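> If you scroll down you'll find the structure; I have some questions about it.
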Amino acid sequence: MLSPSLRRGLARRALSTSAGKPSRTSKRVVSAVAAFTAAGVAAYVLLPDPTRSAPTLKNAPLSPRYFTPVTVVSNEESGPDTKVLTLAVPPEVLAASDPNGFHTIWSVFIKDDDIQVERPYTPLYGIDDKGHMVFWIKKYPRGEVGRWLHTKAPGEKIEFRGPLATWDWKNDTWDEVVLISGGTGFAPFHQLLSTVISNPTMSPSTRFTLLHSSKRPEELPPPSLLQPLIDYAEQHPERVNVDLFVDTSDGSAASNLHVKRIDRSAIESALGLIKPTPSWWGWLWKQREPQASPKRRVFLVCGPEAMINAIAGPYGRNLSQGQVGGALGEMGLKPSEVYKL
Ligand SMILES: Cc1cc2nc3c(=O)[nH]c(=O)nc-3n(C[C@H](O)[C@H](O)[C@H](O)COP(=O)(O)OP(=O)(O)OC[C@H]3O[C@@H](n4cnc5c(N)ncnc54)[C@H](O)[C@@H]3O)c2cc1C
């Protein structure tokens, strides 16, 4: 789930941490540094590091160039290793901020104050009129910022900088948008869907298909996030389709859950591309039918790197998008039709 610019930013974060005071990340940082080429290291060292150099401004409009302190409103369990975190931006800061800066899909960098490291996170609904931003945050056993965020209690202050563009939504550009996510890769797609669906003037004829996978049913996004999407899809099947997948289930999984990984057949079946073989007369009839114009489609993929590789092929050199591989490559999709977040 890394856009090239953010991946570059993340790399800078790791490197700068190694140059600073000793930290919990030092071992990983050493191996990360070893992985860079000499030229790459030189470039990164010469670049300023926002985590250390960006100031914190209390009353200025939101900006990626400096950090803004915000308050934790709530931080609630939502699964085995996840929490739903709500942050409040001060009203005067929100009022001064440029509303056009929040261009879907956007994210923010949250700073772990203990070790001066930042990571990107995606507000699930963007930002509301009260300045609230809601995040679905996973903690990893040896992960730094996720674990730190899980310890935050209501009333505590956190600093973030943003908004930063993850992927640019464009109105009336696509007939079909296919969203394929794994784990918290769901977050950017939730932001996209909730933004577009809540605004009837935004691309009313675009159809969205969300294929989401989690390891186990209990690791799926919590009902507060998933159920409104499922309800909307049931009421408006022409607009949204949601298909959920789990790797394993103890048998108690709901009947609408697919117990398998997302693969080519799952994608084709969700898009109605698998059709029964026509009889000879059906084939003859089809030859006389006018051909439908090709759909303008885009496939967005966001999740753990292994999943991105299997669905869309690995990122390219220098953190570029690379070729379209995996299931989408087998389906013959072009680079212009696929984006790895
Ligand atoms: C644009 C963008 C938006 C994001 N939005 C969200 C979001 O809304 N919610 C959210 O929880 N995360 C989100 N992430 C991921 C997040 O930025 C961090 O990468 C993640 O929280 C891990 O950071 P950490 O400091 O806790 O762990 P780190 O210290 O970076 O990593 C510790 C360990 O965890 C493993 N690890 C880290 N990330 C993953 C992963 N994705 N899958 C499997 N293993 C992993 C590492 O391999 C390592 O062993 C987003 C990432 C990007 C690029």
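Last residue of the sequence shown: 341 (the UniProt record's numbering), numbering continuous. Just so it is clear, CB atoms sit at the ideal spot from N, CA and C, and this is done for glycine as well. For clarity, every value in this text was computed on a predicted model and none was experimentally measured.
#1: If you follow the alpha helix (DSSP H) that Arg65 is part of, which residue opens it and which one closes it?
#2: Does DSSP put Ile137 in a helix, in a strand, or in coil?
#3: Got a sec: does ligand 1 put a non-hydrogen atom nearer than 8 Å to the Cβ of Ser107?
#4: In chain order, which continuous runs of the alpha helix (DSSP H) of length 4 or greater are located wholly inside the region 172 to 241?
#5: Just the C-alpha distance for Asn199 and Asp243, rounded to the nearest angstrom, thanks.
#6: I think Phe189 touches Leu164, with their Cβ atoms under 8 Å apart; what is that distance to the nearest whole Å?
#7: Let me know if residue 347 comes out buried or exposed under the rule of 16 or more other beta-carbons within 10 Å of its beta-carbon.
#8: Where Asn75 and Ser249 are concerned, what is the direct C-alpha to C-alpha distance, given to the nearest angstrom?
#9: Could you check if Ala187 belongs to the surroundings of ligand 1, using beta carbon to heavy atom distance under 8 Å?
#10: Which class does Val108 belong to by DSSP, given the choice of helix, strand or coil?
#11: Measure the alpha-carbon distance for Thr122 versus Leu273 and round it to whole angstroms.
#12: Quick check: is any heavy atom of ligand 1 less than 8 Å from the C-beta of Arg239?
#13: Is the beta carbon of Leu226 sitting closer than 9 Å to the one on Ile105?
#14: Using the Cα positions of Met331 and Ile311, report the straight-line distance between them to the nearest angstrom.
#15: Here's the rule: buried if 16 or more other CB atoms are within 10 angstroms of the residue's CB, otherwise exposed. What is Thr68?
#16: Relative to ligand 1, is the shortest distance from any of its heavy atoms to the C-beta of Ile308 smaller than 8 Å?
#17: Exposed or buried, which one is Ser31 when buried takes at least 16 other CB atoms within 10 Å?
#18: Pair every Cβ in the region 153 to 169 with every Cβ in the region 254 to 264, then say whether three or more of these pairs are closer than 8 Å.
#19: Look up Glu76 in the DSSP assignment and say whether it is helix, strand or coil.
This is what the structure gives:
#1: Note, Arg65: premise wrong, no alpha helix (DSSP H); not H, not E.
#2: Reduced to three states, the DSSP call for Ile137 is strand.
#3: yes
#4: 186 to 197 and 223 to 235
#5: Roughly 23 Å between the two C-alpha positions.
#6: Their Cβ separation, rounded to whole angstroms, is 17 Å, which puts Phe189 and Leu164 out of contact at 8 Å.
#7: Outside the displayed range of the chain (1 to 341) lies residue 347, so it cannot be described from this structure.
#8: 28 Å
#9: yes
#10: strand
#11: One C-alpha to the other measures close to 32 Å.
#12: no
#13: no
#14: 10 Å
#15: buried
#16: no
#17: Only weak support is given to the placement of Ser31: the predicted model assigns it a pLDDT of 42, under 50, and the question is left unresolved by the model.
#18: no
#19: strand
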